[in-house]
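Participant: Numbering-wise (this note's numbering), the sequence shown opens with residue 54 and increments by one.
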Amino acid sequence: MPERVTAPKIRAMKGNQKIVCLTAYDQPSAAIADAAGVDLILVGDSVGNVVLGYENTLPVSLDDMIHHTRAAAKGTKSALLVADMPFGSYQSSVEDAVRSGIALIKAGAEAVKLEGDYVDAIQALMKAGIPVMGHVGMTPQSVNVFGGFKVQGRGKQADAVLEAAKRIEGAGAFSIVLEMIPSVVADKITRELSIPTIGIGAGPDCDGEVQVFHDIMGLHPGDPYKHTRRFLNAYEAMTLAAVEYAKGVREGTFPTKDNSF
Ligand code: KIV
Numbered sequence: 054m055p056e057r058v059t060a061p062k063i064r065a066m067k068g069n070q071k072i073v074c075l076t077a078y079d080q081p082s083a084a085i086a087d088a089a090g091v092d093l094i095l096v097g098d099s100v101g102n103v104v105l106g107y108e109n110t111l112p113v114s115l116d117d118m119i120h121h122t123r124a125a126a127k128g129t130k131s132a133l134l135v136a137d138m139p140f141g142s143y144q145s146s147v148e149d150a151v152r153s154g155i156a157l158i159k160a161g162a163e164a165v166k167l168e169g170d171y172v173d174a175i176q177a178l179m180k181a182g183i184p185v186m187g188h189v190g191m192t193p194q195s196v197n198v199f200g201g202f203k204v205q206g207r208g209k210q211a212d213a214v215l216e217a218a219k220r221i222e223g224a225g226a227f228s229i230v231l232e233m234i235p236s237v238v239a240d241k242i243t244r245e246l247s248i249p250t251i252g253i254g255a256g257p258d259c260d261g262e263v264q265v266f267h268d269i270m271g272l273h274p275g276d277p278y279k280h281t282r283r284f285l286n287a288y289e290a291m292t293l294a295a296v297e298y299a300k301g302v303r304e305g306t307f308p309t310k311d312n313s314f
């Protein structure tokens, strides 16, 4: 059995080794990420836009997250499995936060991530034995407050992002995602915090990077987003495979006797 990555191990990687994180939403994607040796697999609420066809993460429910966390846990042997707390599962009360966190741990997560400086919720989750990952900057659950998916922390806003990150660290988070903030701001936060920063659209100076599985695999048609890179054009490769399959069936070259019993 491979040795499992734990939340304390992720924390101890700061300053020693870049931390590699990738989202996964089901058994096969988690198994691929795990076999590739990523340190942390995030069952992101981005499942809403990349898998479930929603416009953003707001409709994602706790039941959706439990369902996908259970599946991803089946494919994860070594990486730390972190599940996102979806919109509405922690904002109303600390009791809600703990109840939701426990449900995600029971589904197979080993830690949870929540957006914003919900200091009381983070402390209560820690007290319940649940490691917490923070998330600041362009936090997608606040898209309506931001008026769209826009870079945060520019100019005078930079200090507000830094202060929120410090409060989250103070509450006991073991790491923090910095999403879509200027790289100079991410660099400063990384130097001022003792917990690892995990960037996405936050430049090269964070302690680690997180990307969405479907983005790096090229599972969407169209141009990649600026903050990502396609390491494969899976959309094209899989569409071609489906075309070949259809051709085989229509022309009678598949299935053959070799595929028969
Ligand atoms: O939901 C998600 O995938 C995320 C990452 C992009 C950080 O929160």
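In this text, a Cβ means the ideal position worked out from N, Cα and C, and glycines have one as well.
(1) Evaluate L231 with the Cβ neighbour count: other Cβ atoms within 10 Å of its Cβ, from every protein chain shown; 16 or more gives buried, anything less gives exposed.
(2) Which residue wins for smallest C-alpha separation from V214, given the options I72, F227 and T243?
(3) Take N286 and list the residues in its own chain whose beta-carbon comes closer than 6 angstroms to its own, dropping the five residues that flank it on each side.
(4) The ligand KIV and P193: does the residue's C-beta get closer than 8 angstroms to at least one heavy atom of that ligand?
(5) Compare the beta carbon distance of V113 and L105 with 9 angstroms and say whether it is the shorter of the two.
(6) Give the DSSP-derived three-state secondary structure of S145 in the structure shown.
(7) Tell me whether S145 counts as near the ligand KIV, meaning its Cβ is closer than 8 angstroms to at least one heavy atom of that ligand.
(8) Taking the alpha-carbon of F140 as reference, which of P274, A217 and L115 has the nearest alpha-carbon?
(9) Between the alpha carbons of K62 and S228, how many angstroms are there, rounded?
(10) Mark V238 as exposed unless 16 or more other C-beta atoms lie within 10 angstroms of its C-beta, in which case mark it buried.
(11) Give the list of continuous alpha helix (DSSP H) stretches no shorter than 4 residues that lie fully inside the region 221-301.
(12) Quick check on M118: does DSSP put it in helix, strand or coil?
(13) In or out: G6 buried (at least 16 other Cβ within 10 Å) or exposed?
(14) Please confirm whether T110 and Q194 have their CB atoms less than 9 angstroms apart.
Facilitator: Taking the geometry as given:
(1) Its Cβ being crowded by 16 or more others within 10 Å, L231 is buried.
(2) Taking V214 as reference, the option from I72, F227 and T243 with the minimal CA-CA separation is T243.
(3) Cβ neighbours of N286 beyond the five flanking positions: G271.
(4) Yes, the Cβ of P193 comes within 8 angstroms of a heavy atom of the ligand KIV.
(5) Yes, Cβ-Cβ distance for V113 and L105 is below 9 angstroms.
(6) S145 carries a coil assignment under DSSP once its states are collapsed to helix, strand and coil.
(7) Relative to the ligand KIV, S145 has its C-beta separated by 8 angstroms or more from all heavy atoms.
(8) In terms of CA proximity to F140, L115 leads the group P274, A217 and L115.
(9) Looking at the two C-alpha atoms, the distance is approximately 11 angstroms.
(10) Buried, since its Cβ has 16 or more Cβ neighbours within 10 Å.
(11) The region 221-301 contains these whole alpha helix (DSSP H) runs: 236-245 and 266-269.
(12) Helix, per DSSP.
(13) Given a span of 54 to 314 for the chain in the structure shown, any question on residue 6 remains unanswerable.
(14) Their beta carbons are under 9 angstroms apart, which means T110 touches Q194 by this criterion.
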